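Report on one structure; see the data block that follows.
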Amino acid sequence: MSVLTESIAFEAIAVLTTTIVIIIAWCKWQLSYWERMGVPTLTPTFPFGNTQDFILGRKSFGEQTRDLYRALKDKGYRKHAGIYLGLKPFYYVIDPDLIKQILQKDFQHFVNHGNYLNEKDDPLTGNLFSLEDTKWRNMRVKLTPTFTSGKMKMMFQTLADCTVGLKEIMDASATNRTSVNIKEILGRFTTDIIGSAAFGLECNSLKDPNAPFRKYGRRVFEINKIDRLKFMLQFMVPHNILRALKFRITKADVEKFFMKAVKDTVDYREKNNIYRKDFMHLLLQLKNRGAVADDGKITDDHGNTAQAALTMNELSAQAFVFFLAGFETSSTTMTFALYELARNSDVQEKLRQEINTVLEKHNNELTYEGIMEMTYMDKVLNETLRKHPPVPFLPRKCTKDYTVPHTSIVIEKGTSVTIPVLGLHMDPEYYPAPERFDPERFSEENKNSRPAFTWIPFGEGPRVCIGLRFGLLQSKVGLTTLLRNYNIKLSSKTTLPLQLDKNTLIRTVFGGMWIDVEKIN
Numbered sequence: 032m033s034v035l036t037e038s039i040a041f042e043a044i045a046v047l048t049t050t051i052v053i054i055i056a057w058c059k060w061q062l063s064y065w066e067r068m069g070v071p072t073l074t075p076t077f078p079f080g081n082t083q084d085f086i087l088g089r090k091s092f093g094e095q096t097r098d099l100y101r102a103l104k105d106k107g108y109r110k111h112a113g114i115y116l117g118l119k120p121f122y123y124v125i126d127p128d129l130i131k132q133i134l135q136k137d138f139q140h141f142v143n144h145g146n147y148l149n150e151k152d153d154p155l156t157g158n159l160f161s162l163e164d165t166k167w168r169n170m171r172v173k174l175t176p177t178f179t180s181g182k183m184k185m186m187f188q189t190l191a192d193c194t195v196g197l198k199e200i201m202d203a204s205a206t207n208r209t210s211v212n213i214k215e216i217l218g219r220f221t222t223d224i225i226g227s228a229a230f231g232l233e234c235n236s237l238k239d240p241n242a243p244f245r246k247y248g249r250r251v252f253e254i255n256k257i258d259r260l261k262f263m264l265q266f267m268v269p270h271n272i273l274r275a276l277k278f279r280i281t282k283a284d285v286e287k288f289f290m291k292a293v294k295d296t297v298d299y300r301e302k303n304n305i306y307r308k309d310f311m312h313l314l315l316q317l318k319n320r321g322a323v324a325d326d327g328k329i330t331d332d333h334g335n336t337a338q339a340a341l342t343m344n345e346l347s348a349q350a351f352v353f354f355l356a357g358f359e360t361s362s363t364t365m366t367f368a369l370y371e372l373a374r375n376s377d378v379q380e381k382l383r384q385e386i387n388t389v390l391e392k393h394n395n396e397l398t399y400e401g402i403m404e405m406t407y408m409d410k411v412l413n414e415t416l417r418k419h420p421p422v423p424f425l426p427r428k429c430t431k432d433y434t435v436p437h438t439s440i441v442i443e444k445g446t447s448v449t450i451p452v453l454g455l456h457m458d459p460e461y462y463p464a465p466e467r468f469d470p471e472r473f474s475e476e477n478k479n480s481r482p483a484f485t486w487i488p489f490g491e492g493p494r495v496c497i498g499l500r501f502g503l504l505q506s507k508v509g510l511t512t513l514l515r516n517y518n519i520k521l522s523s524k525t526t527l528p529l530q531l532d533k534n535t536l537i538r539t540v541f542g543g544m545w546i547d548v549e550k551i552n
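For the sequence shown, the working numbering begins at 32 and goes up steadily by one.
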């Protein structure tokens, strides 16, 4: 018996040892991928690859990609490199000309973002940002007419109406001489705007910081260790395996809330034939007619439904991503703009003078036409988005083998691609003294002196952010309201230097952004 036991034990140890050796050999093989492909790389560390700080929660993914950009350029890598998220290879693009090729000229090789998509088990992932190939193209064609300048003008009054609540909060702060966490206030402001424009609902977030839309909007961007793991898994594990396992990215309570909010809104409007000048009305037209029209009707004159109309799940997914992209990125942009304006009083005063001059031309009323005339406002926002892009990197996925121009290197189908937005924006080669806030970097002369594709906060090419007009419009409305009425100063409650929150998907400040306001008579 003892001999048999020893034999079994020996075989078990042999199997275990062999398994360990095979796993180690496979890991080493994985971490030599870029070397084998002839792409320059930084030495990876098992099992973290080149992203140890992100995986261990010491840095956000944006900070990690920025630091990799600097390390790679310090090594003399100016075109591209290979990095590893854990054991997963990522193609990392450094050269603006190559970025232009990938995002625009050779777009057919990089159509998809590579985000997890499971419309059956996780229906809210079926949004424009995550859709792929033909489905993405068809949806983009359908949604593009909803974001024209004409449609933005149509929705403008919705934005203007929400400034009343914003001003009430700031008036109280000025009167009581209390500091306000402007990131929280602006998050509630944009939640009310998007809630009204996307769902036709009064969210009342400015009055109630725990209003449902605000609560669930925050939930999406809060990430714990489980969420961080899910984020990594969608890039590290083949999606067909994840779908077979019914893997979900969306939190269950978030999905339940937004699906119900959309269904209730759709049912009410269709039952009562409600017409509102908002995004939801345009989605309803796409659901019932398959196209956007300017006649204010949800269905055509015969009640017909187009063959290519949106399903309820598709409609819900588009409303969901519009809500998320609209409220968080714009509030973040305004927050960082106010931070920079508080630290640069000359820029703040110059922008205020432009606002007052333009408003005087429009009877001191907030109008779409007036907002569009504010050219210095554009420079301020562009410089804010350079220093503080809400989305600090662009993901892409190679959809068919791609030979890197002027090389024999082939990027294989299925390879994940990272474009380091923050790294580019803070590169002194393109922006001397990059930490300095200087809106004149975006004068026509200075813009023309820089290589193209060194400023890409919204992406570029066919997958450029479809809602960028709306996002910029609400940022301009918010800043105009604040600067025409208040002097902005940084509160002592704001910790300097700023510490970024490592547990959010969008770049935001840990501990809030606190300001003091003084009312202008």
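In this text, a Cβ means the ideal position worked out from N, Cα and C, and glycines have one as well.
On a predicted model such as this, the values are computed, not experimentally measured, just so you know.
Here residue 190 is near residue 505, since their CB atoms are less than 8 Å apart. Relative to residue 229, the option among 52, 49, 355, 53 whose CA is nearest is 355.
Within the same chain, and ignoring the five residues on either side of residue 226 in sequence, the residues whose Cβ sits closer than 6 Å to its Cβ are 232, 234, 244. Take the alpha-carbon of residue 405 and the one of residue 427: they are about 34 Å apart. A direct Cα-Cα distance of roughly 8 Å separates residue 131 from residue 483. Looking at the DSSP output, residue 443 shares a beta bridge with no other residue. As DSSP reads the structure, residue 112 sits in a beta bridge with 123.
In this structure the region 345 to 354 touches the region 145 to 164; the number of beta carbon pairs closer than 8 Å is three or more.
When the beta-carbon positions are compared, residue 441 and residue 434 come within less than 8 Å of each other. For a cut-off of 8 Å, the C-beta gap from residue 213 to residue 534 is around 20 Å, too long to register as a contact. When beta bridges are read from the DSSP output, residue 80 appears opposite 76, 116. The C-alpha of residue 372 lies about 23 Å from the C-alpha of residue 222. Rounded to whole angstroms, the separation of the alpha carbons of residue 536 and residue 252 is 6 Å. Closest option to residue 323, judged by alpha-carbon separation, among 142, 182, 206, 282: 182.
The beta-bridge partner set that DSSP reports for residue 433 consists of 442. Nearest C-alpha to residue 171 among 551, 498, 517: 498.
Taking the Cα of residue 161 as reference, the smallest distance to any Cα among 285, 270, 87, 59 is reached at 270. Where residue 66 is concerned, the enclosing alpha helix (DSSP H) starts and stops at 64 to 68. Using a C-beta cut-off of 8 Å, the region 73 to 90 makes no contact with the region 441 to 459, since fewer than three inter-stretch Cβ pairs fall below that distance.
By the Cβ criterion, the region 133 to 151 is not in contact with the region 107 to 118, since fewer than three pairs of Cβ atoms, one from each stretch, lie closer than 8 Å.
In the displayed model, residue 276 falls within coil according to three-state DSSP, outside both helix and strand. In its chain, beyond the 5 residues on either side, 415, 419 have a beta carbon closer than 6 Å to the beta carbon of residue 367. Between the beta-carbon of residue 387 and that of residue 515 there is about 6 Å, and that keeps the pair under the 8 Å contact cut. Taking 8 Å as the cut-off, the Cβ atoms of residue 357 and residue 501 count as close. With contact defined as three or more Cβ pairs closer than 8 Å, the region 162 to 169 and the region 513 to 532 are not in contact. For residue 518, the beta-bridge partners assigned by DSSP are 549. The alpha carbon of residue 192 has as its nearest neighbour, out of 459, 397, 417, the alpha carbon of 397. One Cα belongs to residue 248, the other to residue 219, and the distance between them is close to 10 Å. Within the DSSP bridge table, the entry for residue 449 names 123, 426 as partners.
When the alpha-carbon of residue 137 is set against those of 344, 493, 550, the nearest one is in 493. Not a single unbroken stretch of the beta strand (DSSP E) spanning 3 or more residues falls wholly within the region 146 to 225. In this chain, residue 540 is not harboured by any alpha helix (DSSP H), its DSSP state being neither H nor E. Secondary structure of residue 143 (DSSP, three-state): strand. A Cβ-Cβ contact shorter than 8 Å links residue 263 with residue 116. Rounded to the nearest whole angstrom, the CA to CA distance from residue 246 to residue 238 is 13 Å.
Short of 6 Å from the beta carbon of residue 496, and not among the five residues preceding or following it, lie these beta carbons of its own chain, in chain order: 489, 490.
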